[in-house]
Amino acid sequence: MSHQTGIVPNEALLKFMAKARDSKCRVFKVVIDSEQLSLADSLNIQGDWKSDFSKYVPQLTEEKQPCFLIFRLDSRGEWLLISYSPDNSPVRLKMLYASTKATMKKAFVTDSEYVATSKEDATLAGYEAHLKAENAPPPMTHAERELAEVRLHESFASVGIDTKQQTLKGLELPISDDAIDGFFCLKEGKINYLQIGIDIQSEQIIVHDRAFLDSADELSGRVPQGEPRYHLFNFKHIHDNQRVISTIFIYTIPAVKCPIKVKMLYSSCKAPLINDIQNKIEIPLARKLELDDLKDLNEAFLMDQLYPKSGSGKNVFARPAGPTGRQGGRRLVK
């Protein structure tokens, strides 16, 4: 732990790390030098992450010499911390790096971590073996994706336009092919935002918008003012010095200028849709929000909903607007 060594990043390393995320850096190497964490080397992106991993990681590691490698993956700026500590290193040196790792993780937050204890581990084959051992789900092949979509279509086969299912919780409508593709793209990280709605004419769930947003602060600008919508957002954020991705379901309802029948249809279809998303498509939802006031739909609001502070969030359950036309507060979907 950091308090055991007192070793912290030097000024040069801090300046480098402050710019690394917005640079073309693929990997940088950090070592302990003169009782400080220091930048030893950095290399820029040349190919995809696998080809760069195969070339750079073995090049940056040495026998009997521990180090930290911070490697950029290709998934929208995700970073991997490689703690390289060869088994044949001096025991004191291994202990020094082990007790300083918490400081390194706090100084530069990464999405995942990999411990390499030999030169063989510090290879692409070694890292991929680690992923298999950790049961990390590999990306779907094209054939696997098609099979999953076929099975999903089969699960909806009994729900046709003329055979809408009235359940105890609401009305279940068929989901369009485009919407199913959107769900899978969100699940696989190809997009982080999906806006879906109901086609009144065909009576099915359809896609209205899909994107990769740079920030949760962009959400409110994509919400239509006069129609209800369902939104799914993979919210990437930092909590307790850890990188977290939480999928949030947001049901937006315009306070005015929307027919009551349309609002009732969206409200009736909400619960079955959430059930399909979680149980058939298998996207876990960290939070389910229902909003009619969009001015506060931003990153700070989502953080408050995921990690409510004592005494905060009391307005989330505020009653809807009365007949005077005053806008209601934010509401959580239970």
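Position one of the sequence shown corresponds to residue 302 (my numbering), numbered consecutively onward. Positions of the beta carbon are idealized from the N, C-alpha and C atoms, including for glycine. As the structure is a computational prediction, the values presented were derived from the model and not from experiment.
Next item on the list: Look at the alpha carbon of S386 and the alpha carbon of R544, and state the distance between them as a whole number of angstroms.
Entry: 24 Å
Next item on the list: Could you work out which residue in L566, V557 and P367 is closest to L595 when comparing CA atoms only?
Entry: V557
Note to self: Considering just the uninterrupted stretch of the beta strand (DSSP E) at D422, what are its terminal residues?
What the structure shows: No beta strand (DSSP E) holds D422; DSSP gives it neither H nor E.
Checklist line | In DSSP terms, what S413 is bridged to | finding: L381
Item checked: Under 8 Å between C-beta atoms of M318 and A408 -> yes
Margin query: Using 8 Å as the cut-off, can you tell me whether the segment 568–580 makes contact with the segment 511–519, which would need three or more C-beta pairs spanning the two stretches below that distance?
Written below: no
Notebook entry, point to check: Hey, I333 and Y415: beta-carbon distance below 8 Å or not?
Noted result: no
Margin query: Could you compute how far the alpha carbon of M604 sits from the alpha carbon of V392?
Written below: 42 Å
Item checked: Limits of the beta strand (DSSP E) - the one that G498 falls within -> Y494 to D500
Next item on the list: Starting from the C-beta of D479, find all residues in its chain whose C-beta is less than 6 Å away, skip the five residues before and the five after it, and write them out in chain order.
Entry: V508
Notebook entry, point to check: Which word fits V301, buried or exposed, when buried means at least 16 other C-beta atoms lie within 10 angstroms of its C-beta?
Noted result: In the structure displayed, the chain extends from 302 to 635; residue 301 sits before or after that span and is not available.
Next item on the list: Mind reading off the beta-carbon distance from C368 to K330? Whole number of angstroms is fine, and I expect it under 8 Å.
Entry: 6 Å
Next item on the list: Could you pull out every residue in the same chain whose Cβ sits closer than 8 Å to the Cβ of G527, ignoring the five residues on either side in sequence?
Entry: P555, K558 and C559
Next item on the list: Work out the CA separation of I492 and C486 for me, nearest whole Å.
Entry: 6 Å
Notebook entry, point to check: By the 10 Å Cβ neighbour count, where 16 or more other Cβ atoms means buried, how is H532 classified, buried or exposed?
Noted result: buried
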